[in-house]
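Colleague: Anchor point for the sequence shown: position 186 equals 208 in my numbering, and the numbering is continuous, going up by one each time.
The beta carbon of each residue, even a glycine, is placed where N, CA and C say it ideally should be.
Small disclaimer: the values here were computed from a predicted structure and weren't measured.
Provided herewith is a single structure, encoded as structure tokens, for subsequent inquiry.
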Amino acid sequence: MDQSALADRRQLRRKLGFWRIATILALVLAAGAVFVFTRALGGSKPSAALPHVARVEISGLIQDDRELVERLDEIAKSDSAKALVVSISSPGGTTYGGEVIYKALRKVAAVKPVVSDVRTLAASAGYMIALGGDTIVAGETSITGSIGVIFQYPQVKPLLDKIGVSLEEIKSSPLKAEPSPFHPATEESKAVIRDMINDSYGWFVDLVAERRKLSRDDVLKVSDGRIYTGRQAVSAKLVDTLGDMDDIRTYLETRKIDRALPLVEWKKPETYSFFGMSSAMPWLLKMLGLAGVTPGGQLENMGADKLFLDGLVSVWQVGAR
């Protein structure tokens, strides 16, 4: 092949590369325009719908979820949402996270009926959230309870001793940064943490007593950290009734909520960002002949959330003592 033909081929490749990139940019801009347009119309916003019963699902580990609190606030203000069903499937999470969501649910309950729907699991902070409902409905084999607070920290000193590494520290007072993973906790530091745990535990117990209309002594009898099936929880007066959505509808009828109202999911709004398009990018690149430009899954990993539980934790852990 002569030099002229090679030059023509290189020029053709450059042109194809340019148009492939231009096509990708055009598709991204078009997707953004469609997103902005649909958001402006508000067509997907449940609060603009006809009268309905709102439903929110809370699952996974509980944290200080600002978006969820704002969503609950919108439901409280919505004239279309006549009641709220909170479906909970969670082993718990941070004590503060449960407290914030509980208080947000009570704000909704101040203006419309709220039903806590305990699904497979609503333990610890998950049960704390369930207390925010006007009534709690669980399945016969649902798992709930685990009323308590825990504080855990790792102890890496034995490992450091084995590899010959030590940590020296100078601090302003003996209780600063205690307990530490780098040396065994002193009895004084253990006492401080224990006081903090007992204070939060006392708040949790008082909350259960207030919401379930039980004496504090009665609550303490069922608040040793154990879990309960739905049937056991009803006997312990931690849950109001066993049932499903039909039973929830029956309860809402007693609150003058029409059984025929549709159940509308109030989901977390999808955020539009470059990373939000990560699942579509591999397909686009393949169609444009650019497969392999980025390592598989790299974009999705860049946008992945990382979970960190800080502070006191109210979470049911299998095998925990």
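Going along the chain, which residues of its own chain have a beta-carbon closer than 6 Å to the beta-carbon of I215, five neighbours each way excluded?
Modeller: The residues are F173.
Colleague: For I80, which beta-bridge partners are listed by DSSP?
Modeller: I110
Colleague: So, helix, strand or coil for V58, using DSSP?
Modeller: Confidence at V58 is low in this model, with a pLDDT of 44, below 50, so its placement is unreliable and no value can be given for it.
Colleague: By DSSP, does G224 sit in helix, in strand, or in coil?
Modeller: Reduced to three states, the DSSP call for G224 is helix.
Colleague: How far does the alpha helix (DSSP H) with I270 in it reach, from first residue to last?
Modeller: 267–276
Colleague: Give me the Cα-Cα distance between L72 and S237, rounded to the nearest whole angstrom.
Modeller: 42 Å
Colleague: Could you check where the beta strand (DSSP E) with G167 kicks off and where it finishes?
Modeller: Where G167 is concerned, the enclosing beta strand (DSSP E) stretches over 165–167.
Colleague: Apart from the five residues on each side of it in sequence, which residues of its chain come closer than 6 Å, Cβ to Cβ, to P284?
Modeller: By the criterion of a C-beta distance shorter than 6 Å, P284 is surrounded in its chain by H74, once the five residues flanking it on both sides are discounted.
Colleague: What residue range does the beta strand (DSSP E) around L143 cover?
Modeller: 136–145
Colleague: Helix, strand or coil, according to DSSP, for E287 in the structure here?
Modeller: strand
Colleague: Count the other CB atoms, across all protein chains shown, that sit within 10 Å of the CB of S195; report buried if there are 16 or more and exposed otherwise.
Modeller: Exposure of S195 is indicated by the presence of fewer than 16 other C-beta atoms within 10 angstroms of its C-beta.
Colleague: If you reduce the DSSP assignment to three classes, tell me which class Y124 lands in.
Modeller: Y124: helix per DSSP, three-state reduction.
Colleague: Going by C-alpha distance, which of L106, I80, T117, I169 is nearest L274?
Modeller: L106
Colleague: Note the first and the last residue of the continuous alpha helix (DSSP H) segment covering V159.
Modeller: No alpha helix (DSSP H) contains V159, which is instead part of the beta strand (DSSP E) from 157–160.
Colleague: Distance, Cα to Cα, L153 vs I84?
Modeller: Cα to Cα, the separation comes out at about 14 Å.
Colleague: Within the segment 200–257, note down every full beta strand (DSSP E) run reaching 3 residues or more, in order along the chain.
Modeller: 249–251
Colleague: Between the beta-carbon of M160 and the beta-carbon of G252, is there less than 9 Å?
Modeller: Checking the displayed sequence, the identity of residue 160 turns out to be Ala instead of Met. In this structure, G252 lies closer than 9 Å to A160 by Cβ.
Colleague: Under the rule that 16 or more other beta-carbon atoms within 10 Å means buried, what is G119, buried or exposed?
Modeller: buried
Colleague: What span of residues does the alpha helix (DSSP H) with E89 cover, start to end?
Modeller: 88–99
Colleague: Could you tell me the alpha carbon to alpha carbon distance between K125 and V261, rounded to whole angstroms?
Modeller: 19 Å
Colleague: Starting from L72, trace the alpha helix (DSSP H) in both directions and tell me its first and last residue.
Modeller: Looking at the DSSP string, L72 is not in any alpha helix (DSSP H), and its letter there is neither H nor E.
Colleague: Take every Cβ of the segment 195–207, pair it with every Cβ of the segment 175–186, and state whether three or more of those distances are shorter than 8 Å.
Modeller: Counting Cβ pairs under 8 Å, three or more are found: they touch.
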